[in-house]
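Residue numbers (this note's numbering): 12 to 343.
Below: one structure, written as structure tokens.
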Ligand SMILES: *Cc1c(COP(=O)(O)O)cnc(C)c1O
């Protein structure tokens, strides 16, 4: 396989289930909806970062690292999965959390993912919003190295070509599951943030020469910024897989209309999507990523941009571990 030349540690429960969302589809009077349950990857409540960490921690161990360092927003799911991966592999973990979301409630820096980071043994550091987090991580790595440690720095969201390999492999898993069940999917929809998920999926589909449109619902940046970032990472990931043709720019499609007031801040449509998914399907989304992606999907169905005759695969990227930090917005 294309992937076997890259070191990988098994951290995720794979394959994740692919399930129908019959009640939600009926409720929306819309397309047939399926969900890829990447919230069920299993590592300390799971989520999409676990697939990336299989390759990132694989590389860290191959390089002889004894410490993982990573960065994220305060309620980062990536940081929590990194802390758990480090614990699983007997590595130290230090994490830098950026105060990126304004006006947060009192418990925001203790509950949800932060509680789980600490429970998994990570050393937690906070930084002000807007600082160069990767530079901060490199600086910390330098200090730890001077003390004789062997740190490995993972970028925000695990989104570099090595991490995105996890989602290229997920594309193979998805295409395999669909083929096995003889399901034809018209499009894949998911939340896009640090870009590794979408870039990896596109690189994997490109490697298989499978043309399923992938729509990223933005959770932070505007389209004009997100598209080139996704495209660049998709190309670099495809290069790792030995692609002989370029990833076309047109395959990168995102919709930035559902970000609302900004990253990590809820919108009424997100709260509605969270409630619908929970009440129709018992499916827990989150206010920062998967709930915004579902709000986008619902809106596209209601405006007719996604016709009722289609079959849509929603990739549930996880995030419910952050729910306690959003108690006020969701109290109902
Ligand atoms: C990180 C994250 C995403 C976004 O994935 P990227 O690879 O960063 O674009 C989506 N959903 C959840 C729950 C996440 O934690």
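Beta carbons: idealized from backbone N, C-alpha and C, even for Gly.
This structure is a prediction, so every number in the text was calculated from the model and none was measured.
Can you give me the start and stop residues for the alpha helix (DSSP H) that residue i sits inside?
i           : result
residue 341 : 338-341
residue 264 : Counting along the chain, residue 264 falls outside any alpha helix (DSSP H), though it belongs to the beta strand (DSSP E) covering 264-266.
residue 318 : Here residue 318 belongs to no alpha helix (DSSP H), and DSSP marks it neither H nor E.
residue 238 : 234-251
residue 4   : Shown here, the chain extends from 12 to 343; a query on residue 4 therefore has no answer.
residue 153 : 144-157
residue 254 : That residue, residue 254, is in no alpha helix (DSSP H); it is neither H nor E in DSSP.
residue 62  : 60-73
residue 120 : Premise fails: residue 120 is in no alpha helix (DSSP H) and is neither H nor E.
residue 290 : 279-292
With distances taken from CA atoms, which of the options is nearest residue i?
i           : options            : result
residue 70  : 164, 140, 146, 214 : 164
residue 191 : 171, 19, 26        : 26
residue 337 : 316, 234, 275, 315 : 275
residue 20  : 317, 66, 57, 284   : 66
residue 59  : 103, 96, 78, 73    : 96
residue 109 : 116, 94, 100, 135  : 135
residue 131 : 137, 220, 123      : 123
residue 28  : 340, 326, 260, 321 : 326
residue 341 : 222, 112, 295      : 295
residue 298 : 330, 316, 194      : 330
residue 205 : 224, 238, 291      : 238
residue 30  : 332, 306, 48       : 48
residue 23  : 36, 64, 14         : 64
residue 138 : 126, 151, 75       : 151
residue 162 : 13, 141, 235, 75   : 75
residue 311 : 228, 286, 291      : 228
residue 101 : 90, 173, 72, 250   : 72
residue 140 : 133, 114, 314      : 114
residue 248 : 278, 208, 301, 186 : 208
residue 37  : 291, 90, 263       : 291
residue 265 : 16, 303, 279, 174  : 303
residue 186 : 261, 203, 222, 316 : 222
residue 87  : 57, 317, 68        : 57
residue 46  : 112, 128, 118, 194 : 194
residue 231 : 281, 286, 332, 300 : 300
residue 128 : 233, 90, 160, 119  : 90
residue 173 : 279, 332, 15, 335  : 15
residue 309 : 268, 333, 259      : 268
residue 263 : 235, 285, 287      : 235
residue 77  : 160, 259, 210, 260 : 160
residue 328 : 18, 34, 61         : 61
Name the DSSP bridge partner or partners of residue i?
i           : result
residue 5   : Shown here, the chain extends from 12 to 343; a query on residue 5 therefore has no answer.
residue 31  : 45
residue 325 : 46, 200
residue 387 : The structure shown does not extend to residue 387, since the chain spans only 12 to 343, so no value can be given for it.
residue 131 : DSSP output for residue 131 lists no bridge partner at all.
residue 78  : 103, 162
For the beta strand (DSSP E) that contains residue i, what are its first and last residues?
i           : result
residue 206 : No beta strand (DSSP E) contains residue 206, which DSSP labels as neither H nor E.
residue 139 : 134-139
residue 164 : 162-165
Strictly under 8 Å for the Cβ-Cβ distance: is residue i near chain D by that measure?
i           : result
residue 102 : No chain D is present in this structure, which holds just one protein chain.
>> If contact is defined by three or more beta carbon pairs under 8 Å, each pair taking one atom from either stretch, is the region 155-169 in contact with the region 74-87?
In response: Because the criterion of three Cβ pairs below 8 Å is met, the region 74-87 and the region 155-169 touch.
>> Check whether the region 244-255 and the region 212-219 touch, using three or more Cβ-Cβ pairs below 8 Å as the test.
In response: yes
> Does the region 29-43 come close enough to the region 53-62 to have 3 or more Cβ pairs within less than 8 Å?
Replying inline: no
> Do the region 98-110 and the region 151-164 touch if we need at least three Cβ pairs shorter than 8 Å?
Replying inline: yes
> Does the region 271-291 come within contact of the region 240-252, defined as at least 3 CB pairs closer than 8 Å?
Replying inline: Result no; under three Cβ-Cβ pairs closer than 8 Å.
> Would you say the region 312-330 touches the region 187-204, given that touching needs at least three Cβ pairs under 8 Å?
Replying inline: yes
>> Assess contact between the region 141-148 and the region 173-181, defined as three or more Cβ pairs (one per stretch) separated by less than 8 Å. Is contact present?
In response: Short answer: they don't touch.
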